[in-house]
Amino acid sequence: MTNQNFITIFLILFIFICQESCSSTPSSENPFPEFHIKGSNPYYIGKQVGENARDMIREFVSEYKPLKDKLIPWYNKNQDLYNKFLVANTDYFPNYMSELVGLSYGTDIPFYQIMLLTMEAEINLIIRGETNENENGVADNNKNFVGYKGCSDVHVNSDEFIGFGHNEDGNPYVKNTSFLIYVDQTFKKSGGEDTTFKYFTYVYPGVIWGVAFGCNNHKICYSCNEIFPKKIQVGQLKLFLQRSMIDVTSIEDAIEVLQNVTAASAFSANIGDLVKKETVNIEVSTEGINVKRIEPNEHYFHFNMFRRMDVAQFDDTSSIERLKRADAMTPPTSMKQIAQILGDHTNTDWPIYRNANPPDVGMETLTTALMDLNNEKCSMYSGNPYTDFDNPWKVIDLKTVFDD
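Count the sequence shown with mature numbering (1 follows the signal peptide of the UniProt record, and there is no 0) and you get residues -23 to -1, 1 to 381, in order.
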């Protein structure tokens, strides 16, 4: 038996044991609490995240109707398929699965519920294909069955500005229970020497982190966009693949990581290199990947549909309308013009800056991050990034944030 197989079997047995079993939040004027995590063991890091955000995560899980109305009933009827996804991801990402087990213990939430939330995108798409849910991911017979997240990204490579902006569009259920983490992780490389990896990321409650946006001490920033493919297969879950983007050390590393996986569904990754001053968008699907490099004097938009890959997907009216509106606006060359696009709500039915009002139900812009590669700063907004442009709720200096 190989070491990898032993690790996989051990983790799966450990997970099954905790399937049915299983600190308070610091006060802050910030709209999203922040937690600093330090350690070397993935399980312990996950446990710390769970313990620090325990109250918020438990509040979310107790109130999130799709977990009780859709995900758990799906699990009860499809445990064989659930187990196939579990094995595939434990085998490929044992450290991430250890983080998830630690999160379960830290929150005292049964592991299978944490896992169901982490694979919610795939379950939504499986059910959507079976029940003819409408184009917005809302089941016609139950308006509480909403999509998990959306997102809008604007890249700019101009003489004035290099970087990208990201609207984190998510289910309104998570607005008051999401948070930021700063992680300082030390581990041994294959040669035996210690190495340190540091990152910060915006975290959704109750799932593996890294599914939104963040930066690491290798000068890499990233964000992610949901896509709704019609083909789902047993493979690496979207959220685990997005988690892997925290750990990349270059754009080429990100491309290599995503080329070598069997993706269960689809998404797109936006990657920025603070050293080389370049950004890319990578579309990921069950058919492979497609890389778009943003060239000098170019801008690029990505929403929640494939733009370059010929892959069967569900039409998303919001994405179509957001792209149409962005294309009609002044081509952006500055950070403020990125904010203007991301804050636009001219189309009141399908705004770029989303508010969860009909017909665009189920999605709200939770926060906006502007990644300035020239000045190495990440500016975050809890309100409209254009009207609040001069007053971000937080600016992270990427030159110093990871200093000891």
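Don't be surprised by glycine CBs; every beta carbon is placed ideally from N, CA and C.
DSSP places Leu157 within a strand segment (E or B) once states are collapsed to three.
About 6 Å separates the beta carbons of Ile22 and Val160, which is inside the 8 Å limit, making them a contact pair.
With the rule of 3 Cβ pairs closer than 8 Å, the segment 268 to 280 does not count as touching the segment 168 to 182. Contact fails between the segment 205 to 218 and the segment 136 to 146, because fewer than three Cβ pairs, one in each stretch, are under 8 Å apart. The C-beta distance from Val238 to Gln213 rounds to 5 Å, short enough to fall under 8 Å. Around the Cβ of Asn202, a 10 Å sphere holds 16 or more other Cβ atoms; the residue is buried. In the three-state scheme derived from DSSP, where H, G and I count as helix and E and B as strand, Val211 is classed as coil. Rounded to whole angstroms, the gap between the alpha carbons of Pro335 and Gly360 is 20 Å.
The beta carbon of Gly83 sits closer than 6 Å to the beta carbons of Lys24, Gly27, Glu28 from its chain, once the five residues preceding and following it are set aside; these are given in chain order. Secondary structure of Val151 (DSSP, three-state): helix.
Per the coordinates, the alpha-carbon of Asp365 lies some 10 Å from the alpha-carbon of Met357. Rounded to whole angstroms, the separation of the alpha carbons of Phe280 and Pro19 is 32 Å. Scanning its chain for C-beta atoms nearer than 6 Å, with the 5 sequence neighbours on each side dropped, one finds around Phe156 the residues Phe9, Pro10, Ala30, Val180, in chain order.
Rounded to whole angstroms, the gap between the alpha carbons of Gly191 and Asp287 is 29 Å. Counting other Cβ atoms within 10 Å of its Cβ, Gly127 reaches 16 or more and is therefore classed as buried. Counting along the chain, the unbroken alpha helix (DSSP H) around Phe88 starts and ends at 88 to 95.
Rounded to whole angstroms, the separation of the alpha carbons of Phe217 and Phe70 is 8 Å.
Under DSSP, the beta-bridge partners assigned to Gly249 are Cys198, Thr256. In the structure shown, the three-state DSSP call for Asn352 is coil. In this structure, the alpha-carbon of Glu275 lies about 16 Å from that of Asp250. Assigned with DSSP and collapsed to three states, Tyr358 falls in strand.
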